[in-house]
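Quick notes on the structure that follows.
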């Protein structure tokens, strides 16, 4: 897995502008409560797109809708040009979509390497094999080791997740998604719970991701958002308030009002 | 491409077949028992059969995290299938095992497909109810199952055409031991395979498994079916060796007992059944011999103490004690630095 050396020139990618993920008129209602309202979002190949908004704006719901964990009330979702609105979560993964979770969602009683090997053997089509060890497959071992090496987790490979420090679990959370070699990566608050001063570790990792992966990330750490995102969408009360380049968002009066508490929800 | 450095994972990072000296222990004990306690062969064979049953439960419960209180369903179906096969088709024992595995596997596949969308308490209830339904089927379908009388007069031909089943149960004991060995090897291969890793992942976090792209339901069905087939083999052995099949094999009590015995040994460790089952069955046997009136009282006390001081099973307790010992042995070295 070539994580550190993006093979694709970022500029060349930008000009081709292939849409990797698109939602049209996406809605989610729970009874009378609308948590997602008519969201149109378009993520191109190589995108570094941030989704921000106050607590309860419906950011995680949006990710759940896109990944197929939650069923939308209306609207449609396209992945790589194909409609996946009613496709199962696992089909969307097979189509190149991966996500991470705001709260670590790991395999706690397994080793770090096993956590990665689960994702790798699934992607490499080995996961139905009833015999032979995962370690007998060179590609599993090599890719797991390469990925762990690049995330600085290789020395911990034999350690159980239970015994990892919080920051290391955060990295592993992202590593599992990367092992799926996604074309679209959804990161739900990758730096959640990491002290502000240490979020550089996450930023480092994000910056080294292959340039052609389309990334949509939710984040509360504005420092991280403005340093990494090329485009920002602000979600308020389930609807898109504004979308634009970081500088425009920073200067936008409405966004300031939302964040300074005039319309906190 | 940049030059690729061949990365190596540390040992123990991924599942391995590494054998320790302790791996030989259960087999040495089983063979030793054969020569030393030759008057206890019948109890010995019962223990071996229950160990196979326990291993099958461990695959479902310990590795795939399927909470079930109805595993006797598959033991019973296997026993009835083998009994019926022996009475009406052929008394050859090995083919009887295969028939039983197939019958129990089919029931496992069907009930798994129906039940495994649920989990937790709902699943516990449904697996229990499945056994009750099968119990009633066996009770009413007299032509095949013999109803409340069960199947009797089962003949078992000599093993491989040469080894007749003797009165002392020596052949039976070695037959059960050989089947246990084959089942154990198969289990060891399965739980260390990529599939084994995937079902352990489902046990740990089924939600994340879905978002890794795993067909969780299908994987659970396969694990449950395999587990059912192995339980069926255990049931078939019981039918072939005791030469009777009764309704008690489809009882809730058997499901409960096997669960208790496995938990005593330790769940999800492959060896839990080897510890918990002989211990519990020998305890029952001894307690009943010493005090035929109050023996269940003493067994109850022993269980309470076990669960109080070894909640993760005896294997977990042994591991904790070993870790504590290692810690105590290594701490002075750290202090010297």
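Residue numbers (my numbering), protein chains in the order written: chain C, 1 to 265; chain L, 1 to 337.
For every residue, glycine included, the Cβ atom is placed at its ideal position computed from N, Cα and C.
None of these values were measured; they are calculated from a predicted model.
Query, Result
"Validate contact between the segment 245 to 259 of chain L and the segment 91 to 105 of chain L using beta carbons, cut 8 Å, 3 pairs", "no"
"Rounded straight-line distance, which links the Cα of residue 248/L to that of residue 88/C", "43 Å"
"Rounded C-alpha distance that separates residue 8/L from residue 197/C", "32 Å"
"Helix, strand or coil at residue 192/L according to DSSP, with G and I counted as helix", "coil"
"According to DSSP, residues forming a beta bridge with residue 188/C", "218/C"
"Where residue 124/C falls: helix, strand or coil (DSSP)", "coil"
"Coil, strand or helix - residue 110/C by DSSP", "coil"
"Residue range of the alpha helix (DSSP H) that includes residue 61/C", "59 to 67"
"CB contact below 8 Å: residue 323/L versus chain C", "no"
"CB contact flag (residue 131/L, residue 252/L, <8 Å)", "yes"
"Contact set for residue 69/C: own chain, Cβ-Cβ below 7 Å, skip 5 residues either direction", "89"
"Contact check, residue 260/L vs residue 64/L, beta carbons under 8 Å", "no"
"Proximal residues of chain C, C-beta to C-beta of residue 190/L below 8 Å", "130 and 131"
"Below-8 Å beta-carbon distance, residue 206/L vs any chain C residue", "no"
"Short CB-CB distance (under 8 Å) between residue 214/L and chain C", "yes"
"Counterpart residues of residue 234/C in DSSP-defined beta bridges", "52/C and 242/C"
"CB contact flag (residue 249/C, residue 242/C, <8 Å)", "yes"
"Secondary structure of residue 43/C, DSSP reduced to three states", "strand"
"9 Å Cβ cut-off: residues of chain L touching residue 93/C", "210, 211, 212, 213 and 214"
"7 Å Cβ cut-off: residues of chain L touching residue 141/C", "9"
"Residue 336/L (DSSP reduced to helix, strand or coil)", "Note that residue 336/L scores a pLDDT of 45, beneath 50, so its modelled location is shaky; the value from the coordinates is reported in the next line. Correct three-state label for residue 336/L: helix."
"Contact check, residue 29/C vs residue 75/C, beta carbons under 8 Å", "no"
"With 16 other Cβ atoms within 10 Å as the buried cut-off, status of residue 150/L", "buried"
"Contact set for residue 265/C: own chain, Cβ-Cβ below 7 Å, skip 5 residues either direction", "Unreliable positioning characterises residue 265/C in this predicted model, as indicated by a pLDDT of 43, which lies under 50. The coordinate reading is nonetheless provided below. For residue 265/C, where only same-chain residues beyond five positions count, the Cβ hits under 7 Å are 54, 56 and 237."
"Span of the alpha helix (DSSP H) around residue 155/L", "Note, residue 155/L: premise wrong, no alpha helix (DSSP H); not H, not E."
"Alpha-carbon to alpha-carbon, residue 180/C and residue 51/L", "39 Å"
"Residue closest to residue 33/C, alpha-carbon to alpha-carbon, out of 117/C, 201/C and 239/C", "239/C"
"Per DSSP, the bridge partner or partners of residue 76/C", "24/C"
"Cβ distance (whole Å) where residue 124/L is taken to contact residue 179/L below 8 Å", "29 Å between Cβ atoms; not a contact."
"With 16 other Cβ atoms within 10 Å as the buried cut-off, status of residue 190/C", "buried"
"Continuous alpha helix (DSSP H) assignments of at least 4 residues falling wholly in the segment 10 to 58 of chain L", "25 to 36 and 41 to 57"
"Beta-carbon proximity of residue 156/L to residue 215/L, cut-off 8 Å", "no"
"Residue 313/L vs residue 246/L beta-carbon contact at 8 Å", "no"
"Cβ-based neighbour list, residue 135/L, same chain, cut-off 7 Å, excluding 5 preceding and 5 following", "247, 250 and 251"
"Three CB pairs or more closer than 8 Å across the segment 216 to 223 of chain C and the segment 127 to 143 of chain C", "no"
"Assigned secondary structure, residue 92/C (DSSP; H/G/I helix, E/B strand, else coil)", "helix"
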